[in-house]
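Numbering (this note's numbering), first residue to last: 246 to 573. Don't be surprised by glycine CBs; every beta carbon is placed ideally from N, CA and C. See structure below.
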């Protein structure tokens, strides 16, 4: 669906954006693929690998999602947008809360307005497990962002732009992942663990990108797509990386959860289970009206909660070792 189309990725020089760019170029022949970000050095570094000379469809566009006028210029004749730009570092955002609000909420509002006014066909915004029952500012801003994108489908009216959300947790191997940190310090013989009970979902960047690209094909507007993925214990991850290391339990950090939640129980009545993912439908959807075009699956039980500690699929230490060996 992206052949001869113009795609724009906000935050396109980040971990997700770079890999997503590579995958789109491998699978499709877009008319243009625009990398929108505010860091000129990251654009410079990325352009040395994914250059306009090698890929004539590539464009690097410097700008900030806080700047609505710049977005209006960038979104001119764009067909599809992946909104990945966000401030994400939890401790830093707790200390600088208004900056998180300006980028994660104000930026979302700007993307929505510019996309609707420019006639963009579809927009998918990246969310986070932190947005489900948030306990820190980052999660609260992402929850607000999710709500803005979902509600946007109601006020765009006949303009036709459709908005949906893809939500997943920590990505294996990303800059914020604990894996590179553990591998860097394992020679010291001690790995710090916040809590021995801690669990996390496991997703690769490719799985996350696949869900986003599939979302564009199936979305009607207002859905939150959540991947079906396995869980792991953080202590098992540590044992897989360094079996002989001592584990030092240091306590949970401010704003941190014991377990990841991607679908809270309160959303169960609107959640359908499909083969590869769950879909949380918006409140305004009439589930009895098949003409809406939504891809419904099986409605989950009323008390359903998709949490990393109650997940039905788990990775063993050997499973984790094998997966790490494939990437490192």
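- Closest option to residue 509, judged by alpha-carbon separation, among 247, 299, 349, 373: 373.
- In this structure, DSSP gives residue 469 an extended state, which the three-state scheme calls strand.
- The Cβ atoms of residue 485 and residue 492 do not sit closer than 7 Å to each other.
- Along the length of the stretch 323–380, whole alpha helix (DSSP H) runs at least 4 residues long occupy 335–340, 342–345, 352–362, reported in chain order.
- At a Cβ-Cβ threshold of 7 Å, residue 268 and residue 474 do not count as neighbours.
- Under the DSSP assignment, residue 311 falls outside any beta strand (DSSP E); it carries neither an H nor an E label.
- Here residue 570 is exposed, its C-beta having fewer than 16 other C-beta atoms within 10 Å.
- Taking all protein chains shown into account, residue 266 has 16 or more neighbouring C-beta atoms within 10 Å of its C-beta and is therefore buried.
- CA-to-CA, the gap between residue 471 and residue 413 works out to about 6 Å.
- With contacts defined as CB atoms closer than 7 Å, residue 504 and residue 444 qualify as a contacting pair.
- Judged by DSSP in its simplified three-state form, residue 529 adopts coil rather than helix or strand.
- Take residue 275, set aside five residues on each side of it, and the residues of its chain with a beta-carbon closer than 8 Å to its own are 247, 248, 249, 250, 251, 252, 269, 302, in chain order.
- For residue 272, the enclosing alpha helix (DSSP H) stretches over residues 260–272.
- Residue 286 is not a Cβ neighbour of residue 335, given a cutoff of 7 Å.
- In this structure, residue 329 sits near residue 255, with a CB-CB distance shorter than 7 Å.
- Within its own chain, the residues whose Cβ lies closer than 7 Å to the Cβ of residue 310, once the five positions on either side in sequence are excluded, are 255, 316, 330, 348, 352, 355, 356, listed in chain order.
- The Cβ atoms of residue 560 and residue 447 sit closer than 7 Å to each other.
- With a threshold of 16 other beta carbon atoms within 10 Å, residue 432 falls short and is exposed.
- Selection 397, 318, 452 evaluated against residue 529 yields 397 as nearest (Cα-Cα).
- In terms of Cβ geometry, residue 289 and residue 257 do not form a close pair [threshold 7 Å].
- The beta strand (DSSP E) runs lying completely inside the stretch 479–511 and spanning 3 residues or more are 491–494, 506–508, given in chain order.
- Between the beta-carbon of residue 547 and that of residue 514 there is about 6 Å, and that keeps the pair under the 8 Å contact cut.
- Residue 399 has its alpha-carbon roughly 33 Å from the corresponding atom of residue 449.
- Within the same chain, and ignoring the five residues on either side of residue 549 in sequence, the residues whose Cβ sits closer than 8 Å to its Cβ are 508, 510, 513, 516.
- Across the set 435, 411, 293, the C-alpha of 411 shows the shortest separation from the C-alpha of residue 388.
- For the pair residue 359 and residue 498, the Cα-to-Cα distance works out to about 37 Å.
- In the same chain as residue 321, and ignoring 5 residues on each side of it, the C-beta atoms closer than 8 Å to its own belong to 363, in chain order.
- At a Cβ-Cβ threshold of 7 Å, residue 409 and residue 350 do not count as neighbours.
- Residue 568 and residue 314 have their C-alpha atoms spaced approximately 44 Å apart.
- By the Cβ neighbour-count rule, residue 572 is exposed, with fewer than 16 other Cβ atoms within 10 Å of its own.
- A distance below 6 Å between beta-carbons, with the five flanking residues on each side excluded, links residue 551 to the following residues of its chain, in chain order: 507, 508.
- Counting the other Cβ atoms within 10 Å of the Cβ of residue 380 gives fewer than 16, which makes it exposed.
- According to DSSP, residue pairing for residue 476 in a beta bridge involves 446, 559.
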